[in-house]
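S.K.: The numbering used here puts the first residue of the sequence shown at 368, with every later residue one more than the last. Note that CB positions come from ideal geometry on N, CA and C, so glycine has one too. Computed from a prediction, not measured in an experiment: that's the story for all the values here. Following this message is one structure expressed as structure tokens.
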Amino acid sequence: MKVFAGNSNRLLAEAICNYLNVPLGRATVRRFADQEIFVEIQENVRGEDVFVVQSTSFPTNDHLMELLIMIDAIRRSSARRITAVIPYFGYARQDRKPGPRTPISAKLVANLITEAGADRVLTLDLHAGQIQGFFDIPTDNLYAVPILARDVKESYNLSNVMVISPDVGGVVRARALAKRLDCMLAIVDKRRERPGESEVMNVIGDVSGKDCLLIDDIVDSGGTLCNAAEALLKNGATSVTAYITHGVLSGGAVARVTSSSLKELVITDTIQPTTAVQTAHNIRVITTAGLLGEAINRTAAEESVSSLFD
Ligand code: R5P
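Here is the structure:
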């Protein structure tokens, strides 16, 4: 087995290699003066089972192109099998046509990765599970829920905890966490009653006096999260903490979270945390290296990956 990484998340790639007890493969990924990407794999991969770790996070297009070019270089070097390990799969939110004459970019990205030469994909908390079907190669979608549940158990008195989905679309994910923690579930329902009027947040469930745990797959601008936190506190919640897999945190999101009433935002390291994230007083990062490392181990050994979640 050989593991290589692009530039998106070397810290996670190194942690995965530590878990697997293998060195990170030697490769250079650099830019020509005009920003074209140039990749050089600096060790023999002929006949090897190769894993390329790269999140397609900000700057999304550069990181996607790095992934495609790395896969191409490895394929042309006669690797036996190439698995694209994509801890955060960017473009996943464009998984359907929101209107006429719009693209389904998640499908296009899946086609590009396959066409570049990937034989398998390993990813985590896809925005929509159906995106697995956009690939005609085997695709494993892992879940961060066991890692999040373990952290909750270590940090909270479960007798007063309630799990909250910040929107109706996230109920399945929230239910999975609530089931693991044996906790009650509530839902924040965002509704725009009339066009042009601002959205009203209705809380479905009694959250008064509860320590609320919001769970979601992505925090991007932080709007969904901070609005949901406000609605919960208005409805009598004692505290609101958020557990969110992918900390996209674009633009002023970190400032929005630090100045919000959120007790804590816990994210994972699928996207390499910026300095602002690392120094934020109410943001904590937990690692997915063990989960991804074990899934890589099992893929290489042709063992079950789904049994990781039994
Ligand atoms: C939406 O369906 C996702 O699950 C997240 O709730 C959304 O992407 C969060 O975005 P933002 O932080 O910009 O509100």
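1) Pull the bridge partners of Glu631 from the DSSP assignment, please.
2) What three-state label does DSSP hand Asn478 in the structure shown?
3) Using the Cα positions of Asn524 and Leu599, report the straight-line distance between them to the nearest angstrom.
4) Please state if the CB of Asp636 and the CB of Ile611 are separated by a distance shorter than 8 Å.
5) Tell me the DSSP secondary structure of Ala372 in three-state form.
6) Going by beta carbon distance, what residues of the same chain come within less than 8 Å of Glu566, once the five residues before and after it are set aside?
7) Can you give the Cα-Cα distance for Lys323 and Phe418, rounded to whole angstroms?
8) Is there contact between the stretch 486 to 496 and the stretch 655 to 675, where contact requires at least three CB pairs shorter than 8 Å?
9) Measuring only from the beta carbon, is Ile585 closer than 7 Å to any heavy atom that is part of the ligand R5P?
10) Where do the ends of the beta strand (DSSP E) carrying Ile498 lie?
11) Are the beta-carbon atoms belonging to Leu435 and Ile663 less than 8 Å from one another?
12) Helix, strand or coil, according to DSSP, for Ile514 in the structure here?
13) Is it true that the CB of Ala459 sits closer than 8 Å to the CB of Ile498?
M.R.: Reading from the atomic positions:
1) Thr608
2) helix
3) 19 Å
4) no
5) strand
6) Lys557, Arg558, Arg559 and Asn594
7) Absent from the model: residue 323. The displayed extent of the chain is 368 to 677, so no value can be given.
8) yes
9) yes
10) No beta strand (DSSP E) holds Ile498; DSSP gives it neither H nor E.
11) no
12) helix
13) yes
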